[in-house]
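Numbering (my numbering), first residue to last: 1 to 300.
Input: a single structure, listed below in structure tokens.
Printed below as a string of structure tokens:
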């Protein structure tokens, strides 16, 4: 049975400021996407993660599909996706179902992400490739960005990670995204089962295999990080050739998740975004409601 880890805290709950309340978007556009994905038994992180921008993204003909089921083998303390050690078997029809959904929704840009599947022999790398191939066969004009897990599992995990990243890179996504999520000091409490260095290595490997593919990463602010720690993380990302950056506000999905330590203001996000641009990131999205896939297609 999948369940979320408990992170209830006696710390006071910070009131949610007005700047983190997103517009809902057109109900008709949201319901159209929901109907199409539900009919096919597939998932979007937009819905599973209750993304505040899903109405806007659907209206802009972008969506982020969550592959390989709803159950993640990791238990990150910030994430709303269900956790469990025994995920469901892969649906052999999922690649075609996603491809059909992309066609029916008329999507110009698609982001493919997944739960972590440490139970699979290749961590799910081959599944990303299979879904990409199905989308391209039915939607040759659609650009595909991938947002992968760190692919660190099994015997010889370091070698396995490299081979899995290589598999996805060989399929030539329009952008390869992997989030470090938070600063180095806060990795253990925020990202269970993940490591800062492992995530940086994913981005480094992409550039080693194909320097032409843009890489992207993001952080959620509000876990207690300092500005100096954020800047250090940005330097680390640039050191491995990361091209694109998203900075957004962490919002607690439930009382079972980590509490918000701070709501960064729009002015602070603008300040950090300016720093990132000065550091050489080619595309920067920095704001309270920014998420990994927010306005992803505009980076083309």
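Ideal Cβ positions, reconstructed from N, Cα and C, are used throughout, including at glycine.
Q. With distances taken between CB atoms, is the gap from residue 244 to residue 281 smaller than 8 Å?
A. In contact: residue 244 and residue 281 (Cβ atoms closer than 8 Å).
**Q.** Spatial distance of residue 186 from residue 225 (CA atoms)
**A.** Approximately 8 Å between the Cα atoms of the pair.
**Q.** Opening and closing residue of the beta strand (DSSP E) in which residue 277 lies
**A.** Looking at the DSSP string, residue 277 is not in any beta strand (DSSP E); the run it does join, the alpha helix (DSSP H), is 266-279.
Q) In the DSSP assignment, what residue or residues form a beta bridge with residue 284? A) 245
Q) Are the Cβ atoms of residue 157 and residue 98 separated by less than 8 Å? A) no
Q: Look at the alpha carbon of residue 73 and the alpha carbon of residue 283, and state the distance between them as a whole number of angstroms.
A: Because residue 73 carries a pLDDT of 49, less than 50, the predicted location of this residue cannot be relied on, and no value is offered for it.
Q | Given 8 Å, three or more beta-carbon pairs between the segment 256-276 and the segment 197-210 | A | no
**Q.** residue 231 versus residue 44: straight-line alpha-carbon distance, rounded
**A.** 31 Å
Q. CA-CA distance, residue 291 and residue 217?
A. 10 Å
Q. For residue 184, which option in 67, 221 and 16 has the closest C-alpha, if you only look at C-alpha atoms?
A. 221
Q. On the three-state DSSP scale, how would you describe residue 166?
A. helix
Q: Starting from residue 155, follow the beta strand (DSSP E) in both directions and report where the run begins and ends.
A: Where residue 155 is concerned, there is no enclosing beta strand (DSSP E), given that its DSSP letter is neither H nor E.
Q) If we ignore side chains and look at the alpha-carbon of each, how far apart do residue 161 and residue 194 end up? A) Roughly 13 Å separates the two Cα atoms.
Q: Could you tell me the distance, in whole angstroms, from the CA atom of residue 239 to the CA atom of residue 213?
A: 16 Å
(Q) Using a Cβ-Cβ cutoff of less than 7 Å, which residues in the same chain neighbour residue 233 once the five nearest sequence positions on both sides are dropped? (A) 180, 183, 184 and 219
Q. What are the boundary residues of the beta strand (DSSP E) that residue 218 is part of?
A. 215-221
Q) Shortest alpha-carbon distance to residue 324 belongs to which of 242, 265, 237 and 241? A) With the chain running from 1 to 300 in the structure shown, residue 324 is simply not present.
**Q.** Nearest-angstrom Cα separation, counted from residue 145 out to residue 175
**A.** Between residue 175 and residue 145, the C-alpha separation is close to 5 Å.
Q) Using a Cβ-Cβ cut-off of 6 Å (strictly less than) and excluding sequence neighbours within five positions of residue 96, which residues of its own chain qualify? A) 134
(Q) Checking the sheet assignment: what are the DSSP bridge partners for residue 144? (A) 110
Q. With burial defined as no fewer than 16 other Cβ atoms inside 10 Å of the residue's Cβ, what is the status of residue 31: buried or exposed?
A. exposed
Q. Which class does residue 63 belong to by DSSP, given the choice of helix, strand or coil?
A. strand
Q) Taking the alpha carbon of residue 163 as the point to measure from, which residue in 124, 141 and 143 has its own alpha carbon closest? A) By alpha-carbon distance to residue 163, the top candidate from 124, 141 and 143 is 124.
Q) By DSSP, does residue 226 sit in helix, in strand, or in coil? A) coil
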